[in-house]
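Protein chains in written order, with numbering that gives the first Met the number 0: chain A, 0 to 421; chain B, 0 to 246; chain C, 0 to 591.
We treat Cβ as the ideally placed atom computed from N, Cα and C, and that holds for glycine.
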Amino acid sequence: MRSGLKSIAQLIALVTLAGCGRPVAAESPTTEAVASAQQPPQAAQEPALVDRGRYLTEAADCAACHTDPRSGKPFAGGRPIQTPFGTVVAANITPDRKTGIGTWSDKQFDDAVRHGRMPDGMLYPAMPYPYYTRMSRDDVLAIRAYLRTLTPVENAVHSNQLPFPFSIRAMMHVWDGLYFNDKPYAPDPSKSALWNRGAYLVQGAGHCGACHTPKNFLGGDKARQAFQGYTLQGWFAPNITNDEARGLGKWSVEDIASYLKTGHNRLAAASGMMGEEVALASSRMTDPDLQAIATYLKDQPGQSPPNAAPVNAMSMKAGKAIYEDLCSACHAPDGRGVPYLIPNLAESSSVASRDDTSIVRVVVHGSESVATDKEPTGPAMPAFGWQLNDDQIAAVATYIRNSWGHAASPVTAAEVSKARKP
Amino acid sequence: MSGIRRRDVLAGTAFVLADIELARGAIISGQLPWQPDKEDTPRTAKPGAWKFFTADEAVMMAVLADRIIPPDPDTPGGNDAGCVVFIDRQLAGPYGLYEGLYERPPFIKGTLQQGPQSAQTPATLYRLGIAALERYCSRPDGRAKGKPLASLQAPEQDAILEGLEDGSVELEGVDGKTFFQQVVKDVQQGFFADPIYGGNRDMCAWKMIGFPGARYDYREWVGRHNERYPHPPVSIGGRIEWTPRKS
Amino acid sequence: MANPLPHRDAVIIGLGWTGSILAYELADAGLDVIAIERGPWRNSATDYAPNYAQDELRYRIRHELFLRPAQTTFTFRNKMSETALPIRNWGSFMPPNGVGGGGVHWNGETWRFLPSDFILRTHLTKRYGARFLPHDMTIQDWGVTYQELEPHYDRFEYLCGTSGTAGNLQGQIRDGGNPFEGPRSREYPNPAQPQPFSHTLFAKAARELGYKPFPQPSGNMSRAYENPLGVRLGPCTYCGFCEWFGCANYSKSSPQTTILPALVRKRNFQARDNCEVTRINLDPSGKRATGVTFVDQSGTEWEQPADLVVLCAYTIFNVQLLMLSNIGQRYDPESNQGVIGRNFSHQTISDVTSFFDRTKFTFNPFISSGAIGMCIDEFNGDNFDHGPHGFVGGGYMGQVQTNGRPIETTPVPPGTPAWGAQWKQAVRDNYQCATKPGTGVHGSMYSYRDVYLDLDPTYRDRFGRPLVRITMDFHDNEIRQNRFLTDKFAEIFKAMGALQTVKEYRKAPYDATKYQTTHLCGGAIMGSDPRTSALNRYLQSWDVPNLFVMGASAFPQNAGYNPTGTVAALAYWSAQAIRSQYLQNPGPLVHA
């Protein structure tokens with residue numbers, strides 16, 4: 000959640016920019032309604048199309064937002080999504096005609112998913128249309144075909160729960176003008192087919208940048224720092240470029256594919272929001288697609304080497320004592336953990352991220368790694384927040400971030416204190 | 000039907016459930032149940048006023064603790080090590096009430112092999128035992144010659160405790176041997192338990208014997224035969240080196 | 000009135016080792032399975048995390064992971080002439096509580112029984128003659144052989160990642176392993192654990208005396224391991240907080256670390272925790288189980304109908320449920336008729352504590368694991384000629400010390416006062432240079448006519464149901480066995496260089512207040528004859544063919560080893576029979 004001052008700044012920015020908005024080609028709603036009313040019912044769709052649509056729905060991880068785990072009704076909406084601007088509630092995308100998207104035409108569906116426009120207003124980019132726009136129309140319509148086969152669920156969702164002035168959907172015209180590059184994916188002929196497939200998936204359905212790309216204060220991608228990490232919902236989604244120190248430089252293509260498929264590899268384990276992503280999306284993708292994603296990511300340039308952070312000797316000494324006494328029984332004295340079971344801190348770039356949100360959160364509250372069919376163990380890290388005080392957690396986190404070749408900013412007691420709040 | 004009464008069920012299991020924050024009775028399927036911050040963390044002894052002992056009882060307990068584990072130049076005695084605090088907190092908790100004991104009648108004295116057949120709790124035993132010992136000491140014809148235990152010299156105190164142990168000193172209303180054996184057991188347990196429970200202050204007992212405490216990884220030492228393990232002990236509450244400070 | 004629940008193909012009573020094994024096997028066979036566990040769900044990360052699991056007071060002394068007698072207990076007497084009284088606080092054994100059962104807190108000692116153990120009466124009679132056996136010793140053959148169980152032992156060991164050194168590989172005796180063991184088809188899945196100092200010294204002394212020491216088969220991983228279900232374990236870190244404790248870093252085999260993560264993912268499996276099964280329900284003929292009745296935390300009664308009932312509730316609770324559900328004829332020791340409650344046994348345990356020269360020995364006793372240890376098997380089973388000795392049976396012995404936890408393991412020489420300055424000094428002087436194996440001599444207990452289970456006439460549980468009454472005492476055979484073994488054991492410590500060895504023989508009468516493992520066996524035994532057994536060789540009830548009863552309750556007598564390996568092997572053996580025979584053709588698998 001942004002502070003009050005930041006919200007005011009954002010408001011001023013949006014209002015100022017309102018006059019610079021990009022003109023939007025208005026479609027006649029009447030034409031659309033007529034078009035949809037005249038379309039024949041989609042009773043018999045090609046099974047192959049529906050199956051491809053199911054695959055893409057999983058790859059795009061629609062369920063993560065549109066299926067509320069509390070009710071369990073697939074794609075019936077109702078799950079609140081925390082954004083820096085407030086709460087948006089995911090819509091009901093079952094074919095229900097009253098409360099879902101049963102009455103939408105294919106064009107309306109495509110407009111929403113790839114262009115951010117609903118029949119009755121603009122979408123907020125909590126729905127990641129700036130990424131889905133990279134998908135092809137055929138793929139999006141395959142998703143539509145799959146969604147049509149779902150059981151209609153009557154569930155009226157009031158999506159827009161943002162505070163004023165963000166609740167004014169029309170502001171998205173301005174935002175889109177600044178940050179929405181409304182173009183489908185264009186293959187790079189200098190790269191392999193595998194690379195291009197990976198790029199298509201990462202930039203499009205996978206919408207990895209939605210979590211992993213830093214954003215400016217209005218929530219737009221900092222395109223020049225693509226995939227270099229972003230903090231959201233109490234986690235730092237790490238740098239997934241090929242950066243040696245901060246990103247996936249130490250991971251092979253196989254490591255990345257294994258992580259996405261099973262949630263685990265020899266170095267790391269997916270937990271928290273990424274654990275959910277693995278469970279719902281990437282664990283269901285094909286091996287060639289995961290290889291493609293990995294190939295593309297391994298080709299993303301990293302940042303310049305980080306400056307060696309000044310490290311407080313007091314903290315390092317205390318952190319070392321805590322590490323040896325408390326952490327080494329699982330993470331091993333040399334920090335290398337146990338492959339596929341306990342994350343390898345020594346070779347992990349994410350512990351040395353520029354932002355320490357994740358490591359602090361995990362130490363304070365604990366975290367459970369994802370369990371998948373191929374890797375069902377799902378080991379969990381316990382909470383240390385009840386046992387260690389702020390100074391101690393700051394010390395051990397600083398120690399981990401600056402040992403075994405890592406060099407990263409120290410963790411402060413104030414950061415730990417903040418992380419304790421639910 | 001078997002006539003199961005709901006309140007009997009609840010009475011039998013309440014203490015079990017009270018300990019378990021994650022008590023469930025729902026269906027488990029699909030994934031292992033887990034939530035953050037839901038670990039079953041220990042109930043530590045907080046510093047502060049006595050929770051069970053009266054001030055007078057605490058005075059008597061301090062004497063007992065220091066005779067059972069006398070102070071010496073290298074290691075504190077039982078009292079200084081916090082054993083009385085330990086016992087105080089234990090008696091105020093489930094242990095004092097002997098929670099979990101099967102308490103249904105009839106109570107019939109059996110053979111030694113059948114085990115204790117009374118519902119007397121440790122809390123009751125301490126109340127009765129301390130009071131009875133005080134009364135014994137106040138008798139002019141007893142070994143304390145009418146003086147309170149705390150005012151006697153150590154050898155005189157020991158003479159009374161040895162009498163409890165071998166039965167030559169009898170207490171009124173409570174079995175002196177049983178009482179003293181309980182105190183010995185509790186003082187010694189408090190001495191060696193993790194300091195989070197109030198005793199073993201500064202891990203003094205662990206330092207005395209060279210027990211490293213709550214450490215959990217000795218892989219690098221398994222093969223180092225006949226070599227003394229050099230690292231200081233750690234408590235679940237940590238050790239002083241965990242806190243950053245100017246050395 | 001019990002509330003009815005939707006029907007399931009199979010209901011499993013208890014979710015410990017055998018419950019987890021059977022649940023997995025039946026779910027894998029496509030059945031809709033529900034497991035009902037009396038205690039709470041237990042998870043490594045929430046119930047015994049690595050920053051508080053190592054708490055001796057809480058887990059070893061206050062026994063927080065265990066059942067409370069207030070919830071249910073047993074009554075006990077040595078002889079039939081006595082009145083049984085309740086075990087108001089646990090002593091000689093301690094039942095666990097919760098999912099995982101004993102598999103959460105056990106040491107991981109994963110033994111196989113000897114081939115001769117399974118045909119005990121035949122074997123001993125053949126070798127020594129029927130008159131060599133005490134007239135009231137009621138040992139029996141099991142109805143199954145070691146060879147038949149071998150693949151299932153192997154399966155359990157590979158499920159667990161058992162760390163060990165094979166002594167008999169397909170008939171070939173191998174150096175470094177147990178030369179007396181039955182032939183195994185392949186090596187252990189993991190190499191034996193490296194041994195700490197005192198354990199290594201013991202082995203050296205044993206070798207010098209002419210014995211063949213070998214590492215105890217260990218359920219503590221010697222390295223990271225992935226089992227056939229895809230579940231992973233980590234390497235044991237020798238923390239010294241093993242038995243009585245949960246393992247905090249996934250390195251001890253348990254249902255939690257080997258089966259449950261894969262089991263919960265099966266769509267056709269569900270579990271209920273904190274629900275106690277109170278009765279197995281039968282149809283009017285009394286020959287078919289229709290399901291179970293259980294009580295949940297709020298006291299509400301439910302009925303779970305099922306086609307197949309698998310009873311996995313631990314030895315005594317199995318017997319209790321059979322009795323309270325009127326399944327099988329109860330055993331009457333006077334007439335020697337009946338089977339439910341017959342052939343109950345425990346273990347014959349003793350120890351030798353030794354004191355060494357402080358200036359020469361530093362043992363670091365806290366560096367240890369649950370199933371660490373170097374053992375010899377020369378005096379187990381019928382591995383030696385009993386003719387001159389006048390007893391049968393035996394056990395393994397070893398320096399199997401698992402810990403240096405100070406409340407429990409601060410030995411002082413005999414004659415040291417129990418308190419005071421001398422006590423303190425003796426503790427200080429001896430902590431690093433004493434050995435205290437614990438269950439150092441792990442002897443068999445054979446079965447007898449007057450050692451049995453039935454229902455108590457007086458004492459009840461919180462539901463008003465009669466408690467199980469244990470009538471048990473040591474017989475002369477086991478006392479003599481133990482004396483012989485303990486003397487041999489002490490000799491090895493002397494050869495190690497001990498200045499003083501203190502023998503604690505196991506003595507009669509059986510004392511229900513002194514802990515001697517929770518290896519209770521029998522009461523619902525397997526066999527070939529329904530007149531003297533409750534179950535056939537597939538652990539199927541002779542009386543109710545759609546009921547199978549797992550666990551050590553099936554043992555006709557106990558051998559000189561920890562029972563878990565055999566309990567699990569029998570579970571896999573039975574599961575195979577259910578899957579390959581029973582499900583295709585429900586009904587009795589054996590016609591006696």
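Among Y509(C), T144(C) and A34(C), which has the Cα closest to the Cα of H565(C)?
As a working note, residue 565(C) is residue 566 in the third sequence. First, the residue type needs correcting, since residue 565(C) is Thr and not His in the sequence shown. Of the listed residues, the one whose Cα sits closest to T565(C) is T144(C).
Check whether the stretch 80-93 of chain C touches the stretch 539-549 of chain C, taking contact to mean three or more Cβ pairs, one atom from each stretch, closer than 8 Å.
Put simply, the stretch 80-93 of chain C does not touch the stretch 539-549 of chain C. Fewer than three CB pairs are less than 8 Å apart.
Go through the stretch 226-295 of chain A residue by residue and report every complete run of the alpha helix (DSSP H) that reaches 4 residues or more, in order.
Whole alpha helix (DSSP H) segments, 4+ residues: 252-261 and 271-279.
So what does DSSP say about A305(C), is it helix, strand or coil?
Stepping through the third sequence from its first residue, residue 305(C) is reached at position 306. DSSP places A305(C) in strand when its eight states are reduced to three.
For the candidate residues H345(C), T361(C), L310(C) and V263(C), whose alpha-carbon lies nearest to that of Q539(C)?
By 1-based counting over the third sequence, the position of residue 539(C) is 540. Comparing Cα positions, the closest option is L310(C).
Our contact map puts T371(A) next to S282(A) with C-beta atoms below 8 Å; I'd like the distance itself, whole angstroms only.
Mapped onto the first sequence, residue 371(A) falls at position 372. Mapped onto the first sequence, residue 282(A) falls at position 283. Cβ atoms of T371(A) and S282(A) come within 8 Å of each other, at about 5 Å.
What are the boundary residues of the beta strand (DSSP E) that includes Q81(A)?
Here residue 81(A) is taken as the residue at index 82 of the first sequence, counted from 1. Under the DSSP assignment, Q81(A) falls in the beta strand (DSSP E) whose first and last residues are P79 to T82.
Where A36(A) and T102(A) are concerned, what is the direct C-alpha to C-alpha distance, given to the nearest angstrom?
Walking along the first sequence from the start, residue 36(A) turns up at place 37. Walking along the first sequence from the start, residue 102(A) turns up at place 103. Low confidence applies to A36(A): its pLDDT is 42, below 50, so where it sits in the model is not reliable enough to give any reading.
Fully enclosed by the stretch 101-174 of chain C, which alpha helix (DSSP H) runs are 4 residues long or longer?
As far as the stretch 101-174 of chain C is concerned, its whole alpha helix (DSSP H) runs of at least 4 residues are 101-104, 114-117, 119-127 and 145-159.
Ignore the nearest five residues each way along the sequence and tell me which others in Y433(C)'s own chain have a CB closer than 6 Å to its CB.
Mapped onto the third sequence, residue 433(C) falls at position 434. One point to set straight first is that residue 433(C) is Ala, not Tyr, in the sequence displayed. Closer than 6 Å at Cβ, skipping near neighbours: F354 and P410.
Using three-state DSSP, classify N561(C) as helix, strand or coil.
Here residue 561(C) refers to the residue found at position 562 of the third sequence. The answer is coil: DSSP assigns N561(C) none of H, G, I, E or B.
Backbone secondary structure at P41(B) - three-state DSSP
Counting from 1 along the second sequence, the entry for residue 41(B) is found at position 42. P41(B): coil per DSSP, three-state reduction.
According to DSSP, residues forming a beta bridge with S366(A)
Locating residue 366(A) in the first sequence gives position 367, counting from the first residue. Answer is M380(A).
I'd like to know whether the C-beta of A418(A) is nearer than 8 Å to at least one C-beta of chain C.
As a first step, residue 418(A) must be located in the first sequence, where it is residue number 419. So, not an interface residue.
Rounded to the nearest angstrom, what separates Y97(B) and D31(C) at their Cα positions?
Here residue 97(B) corresponds to residue number 98 of the second sequence, with the count starting at 1. Here residue 31(C) corresponds to residue number 32 of the third sequence, with the count starting at 1. Cα to Cα, Y97(B) sits roughly 42 Å from D31(C).
Proximity winner among L25(C), G18(C) and S43(C), relative to R37(C) (alpha-carbon distances)
On the third sequence, residue 37(C) is found 38 positions in, with the first residue counted as 1. Ranking L25(C), G18(C) and S43(C) by CA distance to the CA of R37(C) puts G18(C) first.
Coarse secondary structure for L546(C), derived from DSSP in three states:
The residue labelled residue 546(C) in the question sits at position 547 within the third sequence. DSSP places L546(C) in the strand class (E or B) of the three-state scheme.
Which bits of chain A does P227(C) rub up against, with CB to CB less than 9 Å?
For this step, residue 227(C) is matched to residue 228 along the third sequence. Against chain A, the beta carbon of P227(C) has no neighbour under 9 Å; the closest one sits roughly 12 Å away.
Any C-beta of chain A sitting closer than 8 Å to the C-beta of C238(C)?
Here residue 238(C) corresponds to residue number 239 of the third sequence, with the count starting at 1. Answer yes: the Cβ-Cβ gap between C238(C) and chain A drops below 8 Å somewhere.
Between the stretch 28-50 of chain B and chain C, which residues of the former have CB atoms less than 9 Å from a CB of the latter, in chain order?
Cβ contacts with chain C come from S28, G29, Q30, L31, P32, W33, Q34, K37, E38, D39, T40, P41 and R42.
Can you list, in chain order, the residues of its chain with a C-beta nearer than 7 Å to that of A396(A)? Leave out the 5 residues immediately preceding and following it.
Numbered from its first residue, the first sequence carries residue 396(A) at position 397. So the list reads D355, I358, V359, V362 and V410, once near-sequence residues are dropped.
Proximal chain C residues relative to L340(A), where beta-carbon distance stays under 7 Å:
For the purposes of this step, residue 340(A) is identified with residue 341 of the first sequence, where counting begins at 1. Residues of chain C passing the Cβ test: A223, R231, G233 and Y249.
DSSP puts A595(C) in a beta bridge; with which residues?
Because chain C spans 0 through 591 in this model, residue 595(C) falls outside it and cannot be assessed.
Please name the residue, chosen from V399(C), R266(C) and I375(C), that lies closest to T352(C) on a Cα-to-Cα basis.
As a first step, residue 352(C) is located in the third sequence; it is residue number 353 there, counting from the start. The shortest CA-to-CA distance from T352(C) to any of V399(C), R266(C) and I375(C) is the one to V399(C).
Kindly list the residues whose CB is nearer than 6 Å to the CB of V276(C), restricted to its own chain and excluding five residues on each side of it in sequence; keep chain order.
Position 277 of the third sequence, counted from the first residue, corresponds to residue 276(C). Closer than 6 Å at the Cβ level, and outside the excluded window around V276(C), lie I12, I35, V291 and F293.
What residues of chain C sit near D140(B), judged by a beta carbon separation below 7 Å?
Translated into the one-based positions of the second sequence, residue 140(B) becomes position 141. Going along chain C, no residue has its Cβ under 7 Å from D140(B), so there is no contact; the nearest lies around 26 Å.
Residue-level contact to chain A via CB, D216(B), 8 Å cutoff:
Within the second sequence, the letter at position 217 stands for residue 216(B). Chain A, which has a Cβ nearer than 8 Å to the Cβ of D216(B), makes this yes.
Here's a check: name, in chain order, each residue in its chain whose Cβ is nearer than 6 Å to the Cβ of G170(C), leaving out the five neighbours to either side.
By 1-based counting over the third sequence, the position of residue 170(C) is 171. Closer than 6 Å at the Cβ level, and outside the excluded window around G170(C), lie P182.
If you follow the beta strand (DSSP E) that D185(B) is in, where does it begin and where does it stop?
As a first step, residue 185(B) is located in the second sequence; it is residue number 186 there, counting from the start. If you look at D185(B), you'll find it isn't in any beta strand (DSSP E); it sits in the alpha helix (DSSP H) that goes G175 to F191.
Just how far apart, CA to CA, sit G141(B) and D165(B)?
For this step, residue 141(B) is matched to residue 142 along the second sequence. For this step, residue 165(B) is matched to residue 166 along the second sequence. Cα-Cα distance, rounded: 15 Å.
Does the stretch 128-137 of chain B touch the stretch 104-111 of chain C, meaning 3 or more C-beta pairs lie closer than 8 Å?
With the rule of 3 Cβ pairs closer than 8 Å, the stretch 104-111 of chain C does not count as touching the stretch 128-137 of chain B.
For S27(A), which residues in the same chain have their Cβ closer than 8 Å to its Cβ, ignoring the five residues on either side in sequence?
For this step, residue 27(A) is matched to residue 28 along the first sequence. Its pLDDT being 37, under 50, S27(A) is placed unreliably by the model, and the measurement read from it follows with that caveat. Within the same chain, S27(A) has no close Cβ partners at all.
I'd like to know if the stretch 477-495 of chain C and the stretch 276-290 of chain C are in contact, where contact means that at least 3 CB-CB pairs between them fall below 8 Å.
No, the stretch 477-495 of chain C does not touch the stretch 276-290 of chain C.
Of the choices C64(A), P68(A), T212(A) and G115(A), whose alpha-carbon is the least far from that of A90(A)?
Counted from its first residue, the first sequence places residue 90(A) at position 91. Here the closest residue by C-alpha is C64(A).
On the DSSP bridge list, what partners appear for T110(B)?
By one-based count along the second sequence, residue 110(B) stands at place 111. According to DSSP, residue pairing for T110(B) in a beta bridge does not occur.
Would a check of beta-carbon distances place V410(A) closer than 8 Å to chain B?
Start at 1 with the first residue of the first sequence, and residue 410(A) comes out as number 411. No, V410(A) does not count as interfacial toward chain B.
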